[in-house]
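*Asks:* First the structure, then my questions, so here it is.
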Amino acid sequence: MSKTTARLMLASAVLGFGLWATAGSTHAATVVQQPKESAQTTAKVEGVKRTATNATTQPVETPEQSENNYFNYQNVWVVGDSLAVGWDGNRVVKQNYPTLLANIIKPKSMNPGYASSGSQISGNQNGPGDKTYDLTNNLKRVTADSQFKNAESLVLEIGVNDLNYSDNNLGYVQQRLQKNIRTLRAANKDLVIYGVLPIPSYMGGNNLNVKGQAGYTFNQLADAIKQVYTSFGIPVLDWRQPGYQVVTDANRQQTLGDHEVHPKQETYAKMANLMAQWMIEVSTADNSNLAENEHDSKTNFISNGWQTDESGNREYATSNVLASGFKNINGQGYFFNPSNNGLLKGQNQLATAGGKTYYVATDGTTQEGIKLVNGKWYDFGSNKTYYARNFTQSGYLNTDQGWRWFENGKPYTGFRSYYGAYYYFINGVRQENQWVSQWGNKYYVGSDGRSVQGYHLIDGIAYDFGNNGTFFLRGKLSGYQDAGNGWLWYENGEVFTGFRFYMGTYYWFEKGARINNQWRTAWNLKYYVDSEGRAVQGDGYNVDGTYYNFSHDGTFFLRGKASGYVSTPDGWLWIENGKRYTGFRMYMGAYYYFINGVRQHNQWVSEWGLKYYVGNDGRSVEGNKVKIDGKTYNFGTNHTFFLR
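For reference, each letter of the sequence shown is one residue, going -28 to -1, 1 to 616 in mature numbering (1 follows the signal peptide of the UniProt record, and there is no 0).
Put into structure tokens, the structure is as follows:
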């Protein structure tokens, strides 16, 4: 039987087993027969040369038996990401592919203990205790494991997280994988490595040519990883190749648990079947995958762009040359520590390179502008050069501490004119809401920093700063003035309560404000101010329907309620105890009749059951021959005035 025929039979057996194993049988692996020891098997598996003795003491295996049982005497290790853990996007499946693979190839031992979800080739994560993360730090644990020297084969399946969660450039991913393979080979020179590419990832959509976080596609990543494996002579399982396309865009909804990256249980079973077929085939071919067939071609993989090394240092490479000191990248300046080429981060600090000083922020970017650093002012420019230059500028300048006034690069203290107003600065800082003494005078700068002028209210006191552009204090304000809160009466800067004479009359003020239409008491006397705030005087002044007398001698105080025939602002009225009177009253030797205080005339009046008549002058008429409207009436002549 030829080797080709044997491999086809093997593939059929393996695939048949996979369907059986997926069905859940705990004895599925028993279909793989245990190999019989022979010199031929020993020579192939352990590299022992055949001797006359062992040639005559062991039975001879057929090629089919030798191929099927190839891994029975090997310790196989698996180092990978969440696929080796068995994550399906929601949970860990019952049987991950290392378990399924072991059931098929029946190794002496299978160790998948160094697989870790989320791990990357180029990452720098390092978990606490024994928890493993990214490949470089993970391999420190792998190679430190005392059992690793006994490993004959290692399946290396990793890379998809570099596409989805890393921003390291592709050349750097290749360099890190190259370095890690060398680490494995140095720790175990007899180790045979099997390179398994990432399963197709659809996190970016249904196109494997969609760029990921770092700017490259899945296909570009897979090709790059393949290049590295090939440079070592390591066989590569490429899930994109015909016969191995377990996951495609057409079937990903059925084969991936999250429809993006992580296979379902049945997909893991298919993967394990194909991996077993592939591993046995590449291990038993004419150019078998033995340790002596692997080599290091020392390919020079080129890194260009951002990368983070295994220690967490953020680096930038240009054709493998790492940036050191200042580097302008796409218009933004960065500073890299010359001692380790890592981005200088963690604190705001000064850094020097090439004889120039830079200001580096906590994120490693160099900063422009005027900045105060350790008590000293620096000018780092504004033209994307970022280095400190000779600072001799003057004027009101924007800095990292806010706006400051400088004179020849030094913070200034004193007054300066700016945009038509005067401002006062202390160590460059504009002062606000403060008194300032300068040139023997006092000034005040308001909330906008401007020196105030005119009448101005400060902490409840009104001041006069003049109006001729000199701004200095004249004194506290007195009189009826508008200091910003409307017209108020001030006495020595404070609002006044009481009477004050103004413009020929007296006004009443309360907290500076003129009071209208109100009674007020002063000097134990009562006064009334009218609708214009004036203290009223004269007799018969009507306040809310009552008439009062305030005299006419300029004293303005209340004398009492008006009574009698009084001249009022409403005209002549007869008032009784401040109220308008209705009825007859004797006045100046005659009787008059009033209605609501108003004298009546040319009217008949009924009073006390009798009738009277008041004439044109308002007097009650009398006599026995009084003509009214062409008729003659008798009102008597005894001063009783009633109609007879």
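We put the beta carbon where it would ideally sit given N, CA and C, even for glycine.
From what residue to what residue does the beta strand (DSSP E) around ILE206 run?
*Replies:* Position 234 of the sequence shown, counted from the first residue, corresponds to residue 206. Per DSSP, ILE206 belongs to no beta strand (DSSP E) and is neither H nor E.
*Asks:* Expressed to the nearest angstrom, what Euclidean distance is found between the alpha-carbon atoms of ASN521 and ASP502?
*Replies:* By one-based count along the sequence shown, residue 521 stands at place 549. By one-based count along the sequence shown, residue 502 stands at place 530. Answer to the nearest angstrom: the Cα atoms are 14 Å apart.
*Asks:* Rounding to the nearest angstrom, what Cα-Cα distance links ILE252 and GLU287 in this structure?
*Replies:* Residue mapping note: residue 252 aligns to position 280 of the sequence shown, counting from 1. Residue mapping note: residue 287 aligns to position 315 of the sequence shown, counting from 1. Roughly 41 Å separates the two Cα atoms.
*Asks:* From GLY52 to GLN321, what distance separates their C-alpha atoms?
*Replies:* Translated into positions along the sequence shown, residue 52 becomes position 80. Translated into positions along the sequence shown, residue 321 becomes position 349. Roughly 40 Å between the two C-alpha positions.
*Asks:* So the candidates are GLY555, ASN68 and THR554; which of them puts its Cα closest to the Cα of ALA241?
*Replies:* Counted from its first residue, the sequence shown places residue 241 at position 269. Of the listed residues, the one whose Cα sits closest to ALA241 is ASN68.
*Asks:* Would you report the Cα separation of LYS533 and TYR519, rounded to the nearest angstrom?
*Replies:* Taking the first residue of the sequence shown as 1, we reach residue 533 at position 561. Taking the first residue of the sequence shown as 1, we reach residue 519 at position 547. LYS533 and TYR519: Cα-Cα distance of roughly 6 Å.
*Asks:* By DSSP, does MET82 sit in helix, in strand, or in coil?
*Replies:* If you number the sequence shown from 1, residue 82 lands on position 110. Reduced to three states, the DSSP call for MET82 is strand.
*Asks:* Which same chain residues, not among the five before or five after ILE301, have their C-beta less than 7 Å away from its C-beta?
*Replies:* Translated into the one-based positions of the sequence shown, residue 301 becomes position 329. Excluding positions up to five away in sequence, the list reads TYR288.
*Asks:* From the DSSP secondary-structure annotation, give me the bridge partner or partners of SER389.
*Replies:* Here residue 389 refers to the residue found at position 417 of the sequence shown. In the DSSP output, where bridge partners are listed per residue, SER389 has TYR394.
*Asks:* Kindly indicate which residue of LEU429, ILE274, LEU209 and ASN276 has the alpha-carbon position closest to the one of ASN245.
*Replies:* Here residue 245 corresponds to residue number 273 of the sequence shown, with the count starting at 1. Minimum Cα distance to ASN245 is reached at LEU209.
*Asks:* Can you list, in chain order, the residues of its chain whose CB lies under 6 Å from that of ALA295, leaving out five sequence neighbours each side?
*Replies:* Walking along the sequence shown from the start, residue 295 turns up at place 323. Taken in chain order, the residues that qualify are TYR288 and PHE308.
*Asks:* Helix or strand or just coil, what does DSSP make of SER54?
*Replies:* Here residue 54 is taken as the residue at index 82 of the sequence shown, counted from 1. Helix.
*Asks:* Considering only the alpha carbon of each residue, which of ALA323, TRP349 and LEU344 lies closest to THR338?
*Replies:* As a position in the sequence shown, residue 338 is number 366, starting the count at 1. Of ALA323, TRP349 and LEU344, the residue nearest in Cα terms is ALA323.
*Asks:* Among residues of its own chain, excluding the 5 on either side of LYS198, which ones have a beta-carbon nearer than 7 Å to its beta-carbon?
*Replies:* Numbered from its first residue, the sequence shown carries residue 198 at position 226. Excluding residues up to 5 positions away in sequence, LEU169, VAL208 and ASP210 lie with their Cβ nearer than 7 Å to the Cβ of LYS198 in the same chain.
*Asks:* Got a sec, what are the start and stop residues for the beta strand (DSSP E) GLN490 sits in?
*Replies:* Residue 490 sits at position 518 when you count from the first residue of the sequence shown. Taken as a continuous stretch (DSSP letters only), the beta strand (DSSP E) holding GLN490 covers 490 to 494.
*Asks:* In the DSSP output, what is ASP351 paired with across the bridge?
*Replies:* For this step, residue 351 is matched to residue 379 along the sequence shown. In DSSP, ASP351 forms a bridge with ILE342 and ARG361.
*Asks:* Given a cut-off of 8 Å, decide if LEU142 and TYR201 are closer than it, judged by their beta-carbon atoms.
*Replies:* Indexing the sequence shown from 1 puts residue 201 at position 229. Indexing the sequence shown from 1 puts residue 142 at position 170. Between TYR201 and LEU142, the CB-CB gap reaches or exceeds 8 Å.
*Asks:* Considering only the alpha carbon of each residue, which of GLY441, ASN440 and TRP459 lies closest to ALA434?
*Replies:* For the purposes of this step, residue 434 is taken as the residue at position 462 of the sequence shown. ALA434 has its Cα closest to that of TRP459, out of GLY441, ASN440 and TRP459.
*Asks:* Could you name the residues of the same chain whose beta carbon sits closer than 6 Å to that of ASN313, not counting the 5 residues immediately before and after it, in chain order?
*Replies:* By 1-based counting over the sequence shown, the position of residue 313 is 341. Beyond the five residues adjoining it in sequence on each side, ASN313 comes within less than 6 Å, by CB distance, of GLU287, LEU294 and SER296 in the same chain, given in chain order.
*Asks:* Rounded to whole angstroms, how far is the Cβ of GLU579 from the Cβ of PHE556, which I believe are closer than 8 Å?
*Replies:* By one-based count along the sequence shown, residue 579 stands at place 607. By one-based count along the sequence shown, residue 556 stands at place 584. So it is a contact: roughly 6 Å between Cβ atoms.
*Asks:* From this set, THR290, PHE298, TYR350 and ASN346, which residue's C-alpha is nearest GLY336's C-alpha?
*Replies:* Your numbering for residue 336 matches position 364 in the sequence shown. Taking only the C-alpha atoms, the option nearest GLY336 is PHE298.
*Asks:* Since GLY432 sits in a beta bridge, which residues does DSSP pair it with?
*Replies:* Looking up residue 432 in the sequence shown gives position 460. Here GLY432 is not bridged, per DSSP, to any residue.
*Asks:* Can you check the segment 263 to 327 for any beta strand (DSSP E) of at least 3 residues that lies completely inside it and give the ranges in chain order?
*Replies:* For the segment 263 to 327, whole beta strand (DSSP E) runs of length 3 or above, ordered along the chain, are 277 to 280, 286 to 290, 297 to 301, 304 to 308 and 321 to 325.
*Asks:* Hey, out of VAL132, GLU463, ILE206 and ASP195, whose CA is closest to SER269's CA?
*Replies:* Numbered from its first residue, the sequence shown carries residue 269 at position 297. Nearest of VAL132, GLU463, ILE206 and ASP195 to SER269, Cα basis: ILE206.
*Asks:* Flag this pair as yes or no: are the beta carbons of ASN44 and PRO79 separated by less than 8 Å?
*Replies:* The residue given as residue 44 occupies position 72 in the sequence shown. The residue given as residue 79 occupies position 107 in the sequence shown. Result yes, Cβ atoms of ASN44 and PRO79 sit closer than 8 Å.
*Asks:* Here's a check: name, in chain order, each residue in its chain whose Cβ is nearer than 6 Å to the Cβ of GLY506, leaving out the five neighbours to either side.
*Replies:* Position 534 of the sequence shown, counted from the start, is the residue given in the question as residue 506. In the sequence as presented, Gly is not what sits at residue 506; that position holds Arg. Excluding sequence neighbours, ARG506 sits near THR477.
*Asks:* Tell me which residues share the same chain as ILE274 and place their Cβ nearer than 8 Å to its Cβ, disregarding the 5 neighbours each side in the sequence.
*Replies:* Taking the first residue of the sequence shown as position 1, residue 274 is located at position 302. These residues qualify, in order along the chain: GLY143, SER291 and ASN292.
*Asks:* Starting from the C-beta of LEU149, find all residues in its chain whose C-beta is less than 7 Å away, skip the five residues before and the five after it, and write them out in chain order.
*Replies:* Here residue 149 refers to the residue found at position 177 of the sequence shown. Once the five neighbours on either side are set aside, the close Cβ partners of LEU149 are ILE93, ILE197 and VAL200.
*Asks:* What is the DSSP secondary structure of LEU545, counted as helix, strand or coil?
*Replies:* Position 573 of the sequence shown, counted from the start, is the residue given in the question as residue 545. In the structure shown, the three-state DSSP call for LEU545 is strand.
*Asks:* Can you tell me the Cα-Cα spacing of ILE342 and TYR368, whole angstroms?
*Replies:* Your numbering for residue 342 matches position 370 in the sequence shown. Your numbering for residue 368 matches position 396 in the sequence shown. Those two C-alpha atoms are separated by around 12 Å.
*Asks:* Are HIS234 and ASP106 closer than 8 Å when you measure CB to CB?
*Replies:* Counted from its first residue, the sequence shown places residue 234 at position 262. Counted from its first residue, the sequence shown places residue 106 at position 134. It is not a contact, given that the beta carbons lie outside the stated cut-off.
*Asks:* Report the residue from TYR396, ASN133 and LEU163 whose alpha carbon sits nearest the alpha carbon of LEU193.
*Replies:* Taking the first residue of the sequence shown as 1, we reach residue 193 at position 221. Measuring from the Cα of LEU193, the nearest candidate turns out to be ASN133.
*Asks:* Quick check: the segment 535 to 555 against the segment 566 to 574, are at least 3 beta-carbon pairs closer than 8 Å?
*Replies:* yes
*Asks:* For GLU463, which option in ASN457, GLY456, GLY484 and ARG446 has the closest C-alpha, if you only look at C-alpha atoms?
*Replies:* Start at 1 with the first residue of the sequence shown, and residue 463 comes out as number 491. Looking at the Cα atoms, GLY484 is the closest of the given residues.
*Asks:* How is the beta strand (DSSP E) around residue 620 delimited, first residue to last?
*Replies:* One cannot answer for residue 620 here, as it falls past the ends of the chain, which runs -28 to 616.
*Asks:* If distances are taken between C-alpha atoms only, which option among LYS448, GLY426 and ASP431 comes closest to GLY441?
*Replies:* What you label residue 441 is simply residue 469 of the sequence shown in a count that begins at 1. In terms of CA proximity to GLY441, GLY426 leads the group LYS448, GLY426 and ASP431.
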